[in-house]
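>
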Amino acid sequence: MSDAPTVVLNARAVARTISRMADEILELNDGTDRLILVGIQRRGVQIADRLADVIREREGTDLPRGALDITLYRDDLQTVGPRPVVGKTHLPVPLEGKVVVIVDDVLFTGRTIRAALDELADFGRPARIMLAVLVDRGGRELPIQPDVVGKVLDVPAGGRVDVFVPALDDRDEVVVAGGAPA
Amino acid sequence: MTAPLLLTGGRIVDPSQGLDAVGDVLLVDGKVAAIGGTIAGPEAARRVDCAGLIVAPGMIDVHVHLREPGREDVETVSSGAHAAVAGGFTAVAAMPNTKPVTDNQATVGFVKRQGEAAGFARVYPYGAISLGQKGETLAEFGEMVAAGAVAVSDDGKPVENSHLMRTALEYAQTFGIPVVEHCEVMALAHGGSMHEGIVSARLGLKGIPGEAEEIDVIRCILLAKLTGGHIHLCHLSTKGSVDLVRWGKDQGVNVTAEVCSHHISLTHEAVEGYDTNAKMNPPLRTQRDVEALQQGLRDGTIDLLVTDHAPHHYDEKEREFADAPNGIVGLETALGVNVTWLLEPGILTLAQLVDRMACRPAKVFHLPGGTLAKGSPADVTVFDPTRAWTVDPSAFKSKGRNTPYGGRTLRGQAVRTIVGGRIVYDLNG
Amino acid sequence: MTILGKDLIALEGMTREQVTGILDVAEPLKEISERAIKKVPTLRGMTVVNLFFEASTRTRISFEFAEKRMSADTVNVAAAASSVSKGETLVDTARNLEAMRIDMVVIRHPHSGAARFLAERIESNVINAGDGTHEHPTQGLLDLLTLRERLGTLEGRRVCIVGDVLHSRVARSNIWGLKAMGAEVAVCGPRSLLPGAIEDLGVRVFDRIEAAIEWAEALNVLRLQLERMQLGYIPSLREYNRVFGVTRARLERAPRDLLILHPGPMNRGVEIDSDVADGPHSVILHQVTNGVAVRMAVLYLLAGNKASLADVAKGGAQ
C-alpha cells in the first residue's frame, strides 16, 4: 500500500452521520413501531448502539437491539478455512411482523449481508428487512443495496476502509488506506 | 572344495587368543590354517585385501526367530541365514517357537538341514523345553541334541511351572546344554504392551513392570543354584535383572545372560506415537535400565549380545498398538547398533565387542568357532567399525522390515562374511 | 492463526491459547441449540462418518447433534454391523470409507492410539471420540468449558479427578487440558486404579476422598467400569462406595461448595450418590449441553484443514 491512510470521517463527522442515519431510519419507517436494530458483529453492533442512542433522544423510545455473528454462514470456509473467532448471536424478540434494520460498518461485496439475511431467516419471518451502513465503499459482488447510507466512498479493490469505534478501538473515525486503482 | 583364502593386511582382533595386531589370516579347507604376520600362502590362494578393516572371529547370534516351519511368508531359514551373513553373523541359533513347535528330533533335524541347504550362516536349532511349549511335559532333550539342537528354550513365553524348570535344569546336565529362559511372570505382564512408566501412563497403554522379568530371573537363578544346572537368561531388559545376575554369579551359580542390541540403545520413549516397530517383549525400558545393561555387558555380568531377530509381515505391524505382535528384525542392524551405542561411546573396547558378539556366544553355547586359533573353523567376520550407513529396511535380506532403526545412520558395518572358508557375503557385491 | 490442524487426537501438548481458542468458539455456539431452527449452514455438503468400534450412546449422539446442527451429512458406522467383525483391519476400513469421498471421521475405538493411527493414514480430518485408555479430548474440552463457566477462570483453580484414573481416557484429557489452562490438578482413587507414574504427570494424589474434598473446588467423578471388580482391581462395589463414593455426607463436611462433574453414564450408589448427582452443585447436565457446543466448535475449527498424505507424519504400508 503506497497511499498513506486518510481520515475521511473524524469523530464529529461520524456523530453527524449517525445522527442523520437515525433520522432517515425514522422517516422511512414513520417512527419506531415494530423496529428492531440488529448489528453485525463486531462493529455493526457498536454502530447500532449509537443509532439507538440517537433514536432514544429523538423519540424517547428504547429500540430492541440484536446482534448477528455471520461467521457460521460465510461462503468461504472451503477456500479460506475456519476463523478463529466466533461472536455471539442474540435476537431479543420474535421477528414475526417486525421491521429488522441490519446495521453494519462497511458495505463492500455484499457477501456479509447475504450471510446475515440467511441467518435472520433461521430466526423467523420479519415483515421487512432494511440495511443501514455507515460506509458504502462500492465493489458489490451480489445484488444487494443499502436503504440508509452514512457516506459513499469510491475505494478501489485493493484499498481498505477501517471504521474505528470508541468501545473497541479507543478511536472514533473512519480511515481509508491504500488501494491503487485496480 | 573352495580355494584357500588369504585375508591380507587387516587388523586381527581375536580376544580368544588375546590378539590385536595387523596381519594376514590364511583359510584352507574350512579351517584357519595360519594367522598373524605376513603369510605367503599357497599359489592357488585367493587374496582378499582387508587393509583398514577388522578381521574377527565369526559373530554368532544365539537368539533369532527364523519362522520356519510355519511362517515361511515372514521368514525362512534361508532368508534369515542370508540376513545373518549380511549383518556379519557366521552362525545363528534358531528359537523353537515355530509352527509346529520344534520340540522333537524330526523338526530339529529339518531346521538344521534347511540351514545347511541355504549355505549362508550356520544354523543351530534350539529344541523346546516342553512339548508344544505348553509348559507341561519335558520334550526329548536327548533326541533333539542328537539331531543337532544346541540348547533348549520355550522362548516366547516362560516356563511358569517351577518344578518343570527344575527338572529341565537337572535333565539338561546329561547333555551339557544350557536351559534358556524367557523371563516373564505372566500374571504381572498380562495384557501389557510396553514398559510400565511415565510413557505408558501418558499413552494409556497397559504397562509391563520390570519386576515381571526380575522375579523370574531370581527364580531361575535359585533353581540353577539348587540343581547345579546351566541357566541362560534371555534378553534381559532391566537394571534389576543385571543386579540379580551379578548376585548369582557371585554365588557361583552357573548362570549366563544375554542382552539385545535394542535394549542397550533405545528406551520406552521410542514408543511415542504408538510406533509398533518399537513394540517388543521384553519392552524397551528406561535410560537407567539401558545404562545398567551397558555396564553389565562391560563388566561381564551379561555375557553376550543377541538380536532376538523377530520378523513379522508388515500387515501384522500395521495396526493398533495393543494388537500388533512383539518383535523387530535385528540381524542386519545389530553390528551397527552395537558399534554406535557401545564401541563409539567407549563403553566396550573393540576386543570386548568382538568377545560379546563372537567368543562368548561360542563358549556359553559350546559351539564351534568364536576363535581364529589355528585349526578352528574358518568363520570370519570382516567389518569396518567406522563406516557410516543409513538403515534402509527395503534393502534387507530378511523378509522382515519391522525395525525402529529405519532411516537412522549407524556406524559400523560388515564388509565380508566368511563361513567355512567361503565368502558368503560381500558388501561390495 | 489456526487453532487446530488436520485432526483432534489429544489435549496433551496443546497450549493454553489453543484450548482457550476452542472454548471461546464453543461458547457462542451454545445459542444455536436454543433456536427454533437449530441449524447453521456451516458444514453444508461435508460428510462426516461416525466410526464407532465401541458401544457409546452418549458420545455418538452428542457428535451427531453437533454435526447435524452444523449441516453436515452424517453416516454412523457401528463396528458390530461393519466388516470389522469379518476381520477387516482398521486401516482397510478407513481407506474404504475415504474412497467414498468423506471429509471427516469421528472415531471411537477400544485401543489406545487408534485415532492417531487412523489420522496418520487418511487425508480426512480425524476427531478422537475416545481411544482405549488414552484420551477423549472433546470430553476434556466440555469439562473445561463447564468449569470455566462456573468458576470464571481455570487459572489456579483446584480440580480433583476421582476414581479409575488408570483406565480413564477422560482423566488423561482432563489432566492435560486443566494443566494447560493453569489449574491445579489432583487425582483420588485406590492406588490399584491409578497409574504408577501418576505423580510424574504433574498431579497431586489423594489416597482418601475426604482429603480430596477438603482440598478441591470441583470434583470430576469418573465412571467405575463394573468389570474392574471382576478383574480384581477392587474387592467390591460396595466397599468402593464406602471408601471412595462421593456422598452428600462427605460433601457436607467440605469447607466450601464443590462443583460436581461426571462424564456419564453414572453408576448411582457406586462412585456417586443420587442426591449428589441430582443436587444443587451438580453440573452434569450442563456438561451434556456443553458437549454439543464443544463438538460443533471442533468440527468447525477442523473443517477445511487438509493435509496431503505426504505431510501426514508417516505413511502406511511400505
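Going line by line, the protein sequences match chains A, B and C. Under the working numbering, the final residue of the first sequence carries the number 182; numbering is consecutive throughout. Under the working numbering, the final residue of the second sequence carries the number 1429; numbering is consecutive throughout. Under the working numbering, the final residue of the third sequence carries the number 2318; numbering is consecutive throughout. Backbone N, C-alpha and C fix where the C-beta goes; we use that ideal spot for every residue, glycine too.
(1) Quick check: Glu1269 of chain B and Val1354 of chain B, are their CB atoms within less than 8 Å of each other?
(2) Pick helix, strand or coil for Leu1331 of chain B, following the three-state DSSP scheme.
(3) Chain B partners of Val2091 of chain C, CB-CB under 8 Å?
(4) Just the Cα atoms here: how many angstroms apart are Pro2110 of chain C and Ile2198 of chain C?
(5) Counting only Cβ pairs nearer than 8 Å, list the residues of chain C close to Arg1202 of chain B.
(6) By alpha-carbon positions, which one of A:Ile47, A:Thr61 and A:Arg83 ends up nearest to Thr71 of chain A?
(7) For Ala1270 of chain B, would you say it is in contact with chain C, using Cβ-to-Cβ distances shorter than 8 Å as the test?
(8) Ala2310 of chain C by DSSP, collapsed to three states: which one?
(9) To test your reading of the DSSP string, which unbroken alpha helix (DSSP H) runs of 4 or more residues are found completely within the segment 1276-1327 of chain B?
(10) Report yes if the C-beta distance between Met1280 of chain B and Ile1328 of chain B is below 8 Å; otherwise report no.
(11) Let me check understanding here. Comparing Cα to Cα, which of B:Leu1335, B:Arg1122 and B:Leu1026 lies closest to Val1415 of chain B?
(12) What are the start and end residues of the beta strand (DSSP E) that includes Cys2160 of chain C?
(13) Taking the alpha-carbon of Val163 of chain A as reference, which of A:Ala121, A:Glu24 and A:Arg42 has the nearest alpha-carbon?
(14) Can a CB atom of chain C be found closer than 8 Å to the CB of Ala1126 of chain B?
(15) Taking all protein chains shown into account, do 16 or more other C-beta atoms lie within 10 angstroms of the C-beta of Asp1250 of chain B, making it buried, or fewer, making it exposed?
(16) Is Arg2256 of chain C near Asp2273 of chain C, with beta carbons less than 8 Å apart?
(17) Residues of chain C with CB closer than 8 Å to the CB of Asp1073 of chain B, please, in chain order.
(18) For a test of the three-state rule: what should DSSP assign to Met2181 of chain C, helix, strand or coil?
(19) Do His1309 of chain B and Asp1061 of chain B have their beta-carbon atoms positioned less than 8 Å apart in this structure?
(20) Going by CA-CA distance only, name the one from A:Asp172, A:Pro94, A:Asp118 and A:Arg160 that's closest to Gln46 of chain A.
(21) Taking C-beta pairs closer than 8 Å, name the residues in chain C that Val45 of chain A reaches, listed in chain order.
(22) Exposed or buried, what is Glu1332 of chain B when buried is set at 16 or more other beta-carbons lying within 10 Å of its beta-carbon?
(23) Is Trp2215 of chain C near Met2014 of chain C, with beta carbons less than 8 Å apart?
(24) Output yes if chain C places a C-beta closer than 8 Å to the C-beta of Asp1323 of chain B; else output no.
(25) Have a look at Thr1307 of chain B and Leu1188 of chain B and give me their C-alpha separation to the nearest angstrom.
(26) I'd like the ranges of any beta strand (DSSP E) spanning at least 3 consecutive residues and lying wholly in the segment 1199-1273 of chain B.
(27) Run through chain B and tell me which residues come within less than 9 Å of Ala2197 of chain C, C-beta to C-beta.
(28) Should the segment 2150-2160 of chain C be called in touch with the segment 2176-2189 of chain C, which here means at least 3 C-beta pairs below 8 Å?
(29) DSSP three-state call for Ala2099 of chain C: helix, strand or coil?
(30) Short of 7 Å Cβ to Cβ, which residues in the segment 2292-2305 of chain C face chain A?
(31) DSSP three-state label for Gly2021 of chain C, please.
(32) Can you pull out the residues from the segment 83-95 of chain A whose beta carbon lies closer than 8 Å to at least one beta carbon of chain C?
(33) Expressed to the nearest angstrom, what Euclidean distance is found between the alpha-carbon atoms of Leu2141 of chain C and Val2294 of chain C?
(34) Can a CB atom of chain C be found closer than 8 Å to the CB of Phe108 of chain A?
(35) Within the same chain, show all residues whose beta-carbon is closer than 6 Å to that of Gly1041 of chain B, passing over the 5 residues directly before and after it, in chain order.
(36) Can you tell me whether Val1364 of chain B is buried or exposed, with buried defined as 16 or more other CB within 10 angstroms of its CB?
The answer reads as follows:
(1) No; because the gap between Cβ atoms is not below 8 Å, this pair is not in contact.
(2) coil
(3) Under a criterion of Cβ atoms nearer than 8 Å, the residues of chain B adjacent to Val2091 of chain C are, in order, Glu1318 and Arg1319.
(4) 22 Å
(5) Glu2012, Arg2172 and Leu2201
(6) A:Arg83
(7) no
(8) At Ala2310 of chain C the pLDDT is 43, less than 50, meaning the model places this residue with poor confidence and gives no usable figure here.
(9) 1287-1299 and 1314-1317
(10) Yes, these two residues count as a Cβ contact at 8 Å.
(11) Measuring from the Cα of Val1415 of chain B, the nearest candidate turns out to be B:Leu1335.
(12) Arg2158 to Val2162 is the extent of the beta strand (DSSP E) around Cys2160 of chain C.
(13) A:Arg42
(14) The question names Ala, but residue 1126 of chain B is Tyr in the sequence shown. Judged by the 8 Å Cβ criterion, Tyr1126 of chain B is not in contact with chain C.
(15) exposed
(16) no
(17) The contacting residues do not exist; Asp1073 of chain B stays about 15 Å from chain C at best.
(18) coil
(19) yes
(20) The shortest C-alpha separation from Gln46 of chain A is found at A:Asp172.
(21) The premise fails here: Val45 of chain A is roughly 13 Å from chain C at the closest Cβ pair, so nothing lies under 8 Å.
(22) Answer is buried; the Cβ neighbour count reaches 16.
(23) no
(24) yes
(25) 25 Å
(26) 1231-1233 and 1255-1260
(27) Glu1196, Gly1197, Ile1198, Val1199, Ser1200, Ala1201, Arg1202 and Gly1207
(28) yes
(29) Ala2099 of chain C: helix per DSSP, three-state reduction.
(30) Tyr2300, Leu2301, Ala2303, Gly2304 and Asn2305
(31) It is helical.
(32) Flagged, chain order: Pro84, Val85, Val86, Gly87, Lys88, Thr89 and His90.
(33) 7 Å
(34) Taking Cβ atoms only, chain C never reaches closer than 8 Å to Phe108 of chain A, which makes this a no.
(35) Leu1006 and Leu1026
(36) Val1364 of chain B is buried by the Cβ-count criterion.
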